[in-house]
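Each residue of the first sequence is one higher than the last, beginning at 1 in full-length UniProt numbering. Below is one structure, written out as structure tokens; comments come after it.
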Amino acid sequence: MEKIRVRFAPSPTGYLHIGGARTALFNWLFAKKHNGQLILRIEDTDTERLKEDSVSQILSSLRWLGIDWDEGPEKGGDFGPYFQSQRQEYYTKAAQRLIQENKAYHCFCSAEELEEERQKQRKEGMPFRYQGKCRNLSPEEVQDRLKQGIPSVIRMKVPNSGQVVVEDLIRGTVSFNAKQFDDFIIAKSDGTPAYNFACVVDDHAMQISHVIRAEEHLSNTPKQCLIYQALGYEIPLFAHLSMILAPDRSKLSKRHGATAVGEFQEMGCLPEALVNYLTLLGWSPVELESELISPAQTISAFSLEKVSKNAAVYDVQKLIWLNGQYMTTCDLDRLTLQAIPFFIRAGLINNIDAEDNRDYIRDVVNTVRERVRTIGELTEGSRYYFQDVVSYDEKGREKYFVKQEGVAALLTKGRNCLNTVEQFDVENVESAYRQLMSELEIKGGIIIHPTRLALTGQTVSPGIFDVMALLGKKKCLERLDKAIEYIRKI
RNA sequence: GGCCCCAUAGUCAAGAGGCCUAAGACGCUGCCCUCUCAAGGCGGAAACACGGGUUCGAAUCCCGUUGGGGCUACCA
Numbered sequence: 001m002e003k004i005r006v007r008f009a010p011s012p013t014g015y016l017h018i019g020g021a022r023t024a025l026f027n028w029l030f031a032k033k034h035n036g037q038l039i040l041r042i043e044d045t046d047t048e049r050l051k052e053d054s055v056s057q058i059l060s061s062l063r064w065l066g067i068d069w070d071e072g073p074e075k076g077g078d079f080g081p082y083f084q085s086q087r088q089e090y091y092t093k094a095a096q097r098l099i100q101e102n103k104a105y106h107c108f109c110s111a112e113e114l115e116e117e118r119q120k121q122r123k124e125g126m127p128f129r130y131q132g133k134c135r136n137l138s139p140e141e142v143q144d145r146l147k148q149g150i151p152s153v154i155r156m157k158v159p160n161s162g163q164v165v166v167e168d169l170i171r172g173t174v175s176f177n178a179k180q181f182d183d184f185i186i187a188k189s190d191g192t193p194a195y196n197f198a199c200v201v202d203d204h205a206m207q208i209s210h211v212i213r214a215e216e217h218l219s220n221t222p223k224q225c226l227i228y229q230a231l232g233y234e235i236p237l238f239a240h241l242s243m244i245l246a247p248d249r250s251k252l253s254k255r256h257g258a259t260a261v262g263e264f265q266e267m268g269c270l271p272e273a274l275v276n277y278l279t280l281l282g283w284s285p286v287e288l289e290s291e292l293i294s295p296a297q298t299i300s301a302f303s304l305e306k307v308s309k310n311a312a313v314y315d316v317q318k319l320i321w322l323n324g325q326y327m328t329t330c331d332l333d334r335l336t337l338q339a340i341p342f343f344i345r346a347g348l349i350n351n352i353d354a355e356d357n358r359d360y361i362r363d364v365v366n367t368v369r370e371r372v373r374t375i376g377e378l379t380e381g382s383r384y385y386f387q388d389v390v391s392y393d394e395k396g397r398e399k400y401f402v403k404q405e406g407v408a409a410l411l412t413k414g415r416n417c418l419n420t421v422e423q424f425d426v427e428n429v430e431s432a433y434r435q436l437m438s439e440l441e442i443k444g445g446i447i448i449h450p451t452r453l454a455l456t457g458q459t460v461s462p463g464i465f466d467v468m469a470l471l472g473k474k475k476c477l478e479r480l481d482k483a484i485e486y487i488r489k490i
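Rendered as structure tokens:
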């Protein structure tokens, strides 16, 4: 088989969203699977829609996900430049050639004229198609108008009969009737290429073997085939990935909550979880026993033919669940490192703590991580390890501090019991407390619940003895004293 | 409107004419474990959009309908 070269070609009009991320991921998986290259190309021909910083955001999101490219921005390669805005000469040359070969032509119709025509046709209930007014202008006329400086676009001369057949690796053979297309624009009046044209010129120049992109481009593909044919280029293989939809089956947008990769990062998602989730959207690891799969496993099992044809509704619940799974199993030091910025932002620690108390922070992360699903939740669940308890959970307060008979005295016994523990570790603390329970002939929960509330302010936490040991003797005694005093005042 | 794609539980998704009394996962739910919450273990409810064909036999093939999505720009 020939060299496999695929590309991801985002337009820098905003952040990388999960649809784009999945397209990039599937391209990456396919390239890795076949020892091919992934090319990153920035499609920035529409200067009006460009957004500042967009490129660097997209690049950093891709890197965060672990999707690396072999050629492209900040990387270089033999087929550059990788920004379409720097490739104008290629487009101009190709368009000029088409004009010389009588396969494309200058069109001098103004936007107003076209709009008028459009309205007229709509009134008649006809689909809008350019009528080919400038199609047969004589060379002299064209030269004349060009000299006069009348703005013009370049249009394809589209044959008005015949079938255009697209071979798609996911969808099979899809055919279109050529006569439905009008003479579409390949170069705008400022000379910059229209999407379909730039795309074909670049994919050919960059020797792309497989075009893997979103389904929204399937309808553009026959036009691109027409361009390939006119230019005499070999047509690559296509694979159109189904769309990712919002829960209401509409197109995903900001109103549907987090859709940008960066937003998932901010809420404390782990990149491996997002990647894992995205691979499951449209592809399924049939021969693997679990859905928790690493990129390496995915690469070896991946095949485009097995990619699902139906649009997928994205379900944040499953992503969060996957993230929770990774939270408890991922490398602790790495997770700690990722959590620290969250802790700082939440005001739990400062930069100095982050350095000096690294071990403590790591222990906190380790004990809390198995009961939370995101780093955001981890941060919230870690509060009392860094800050004093300033209030008690309302329901817990009612149940354990107000309604529980003799709780102050009980906690005092607990306090004194802890006070006798020398080596304040989990085993010693637990055996001391257990001994107290059996002396008092009470069930564990009777003293554990109020203790938890006193130490954490919450009704939920990791195992209470783990909490005690991590908090240390001093803080445990302080917080118990404070709670006892608080209860007495009720 | 025209053209194109798609159609299995709430969601992702296995399924290539008999192996389907239709996998698995998330979510929901019952029980167990338990100091709480998670996690974990064992159960449960929940789907082939509809109508016609083809066939001895259809979730699977064909046609139609309905529904969803995309394209139809001097956007990509």
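All residues carry an ideal CB built from backbone N, CA and C; glycine is no exception.
- Leu278 places its beta carbon 8 Å or farther from that of Ala9.
- Across the structure, Asp144 and Gln180 are spaced so that their CA atoms are roughly 32 Å apart.
- Looking at the backbone, the Cα of Arg122 and that of Tyr130 are separated by about 13 Å.
- Rounded to the nearest angstrom, the gap between the Cα atoms of Tyr360 and Glu422 is 20 Å.
- Counting the other CB atoms within 10 Å of its CB gives Gly76 a total below 16, which places it among the exposed residues.
- Following the DSSP letters along the chain, one finds Gly172 inside the beta strand (DSSP E) bounded by residues 172 to 177.
- Taking a C-beta distance under 8 Å as the contact criterion, Leu241 and Arg213 qualify as a contact pair.
- Closest in alpha carbon position to Asn220, among His204, Lys254, Tyr233, Val165, is Val165.
- Bounds of the beta strand (DSSP E) holding Glu167 are 163 to 168.
- Distance check between Leu304 and each of Val426, Glu263, Gly282 places Gly282 closest, using alpha-carbon atoms only.
- Collapsing the DSSP output to three states places Ile361 in a helix.
- In this chain, the beta strand (DSSP E) harbouring Arg7 covers 5 to 8.
- Counting only residues of its own chain and dropping the five nearest sequence neighbours on each side, Val365 has a CB closer than 8 Å to the CB of Leu332, Leu335, Thr336, Ala339, Leu378, Ser382.
- Within the same chain, Tyr105, His106, Cys107, Phe108, Cys109 come within 7 Å of Cys134 by CB-CB distance, once the 5 residues on both sides are set aside.
- DSSP lists Gly72 as the beta-bridge partner residues of Gly76.
- Contact between Leu40 and Pro73 holds, with the beta-carbon distance rounding to 6 Å and staying under 8 Å.
- Comparing alpha carbon positions, the residue from Asn428, Leu455, Arg345, Gly347 closest to Val389 is Leu455.
- Taking 8 Å as the cut-off, the beta carbon of Arg373 is found closer than this to the beta carbon of Asn323.
- Beta-bridge annotation (DSSP): Ile42 is paired with Phe83.
- Counting along the chain, no beta strand (DSSP E) covers Val389, and no H or E run does either.
- Three or more Cβ pairs closer than 8 Å define a contact, and the stretch 176 to 190 falls short of that threshold against the stretch 255 to 275.
- For the stretch 72 to 155, the full-length beta strand (DSSP E) segments reaching 3 residues or more read 104 to 107 along the chain.
- Distance from the Cα of Gln84 is smallest, within the candidate group Thr45, Ser61, Asp248, for Thr45.
- Under the three-state reduction of DSSP, Gln325 is assigned to helix.
- Relative to Glu167, the option among Asp53, Phe176, Ala95 whose CA is nearest is Phe176.
- Per DSSP, Val421 is not a residue of any alpha helix (DSSP H), being assigned neither H nor E.
- A Cβ-Cβ separation of about 7 Å places Leu319 in contact with Leu274 under the 8 Å criterion.
- If you compare the alpha carbons of Ala178, Gly172, Val174, Ile170 with that of Ser161, the shortest gap goes to Ala178.
- Counting only runs that start and end inside the stretch 281 to 324, the alpha helix (DSSP H) elements of at least 4 residues fall at 295 to 301.
- For the pair of segments examined, the stretch 431 to 451 was found to touch the stretch 397 to 413: the number of CB pairs separated by less than 8 Å reaches three.
- About 7 Å separates the CB atoms of Asp202 and Arg87; that is less than 8 Å, so the two are in contact.
- Contact annotation: the stretch 10 to 30 touches the stretch 55 to 66, with at least three C-beta pairs closer than 8 Å.
- Judged by beta-carbon spacing, Leu245 lies beyond the 8 Å limit of Val307, meaning their Cβ atoms are not closer than that value.
- Taking each of Met267, Gly14, Tyr392 in turn and checking the Cα distance to Phe342, the smallest one comes out for Met267.
- When DSSP states are grouped into helix, strand and coil, Leu50 belongs to the coil group.
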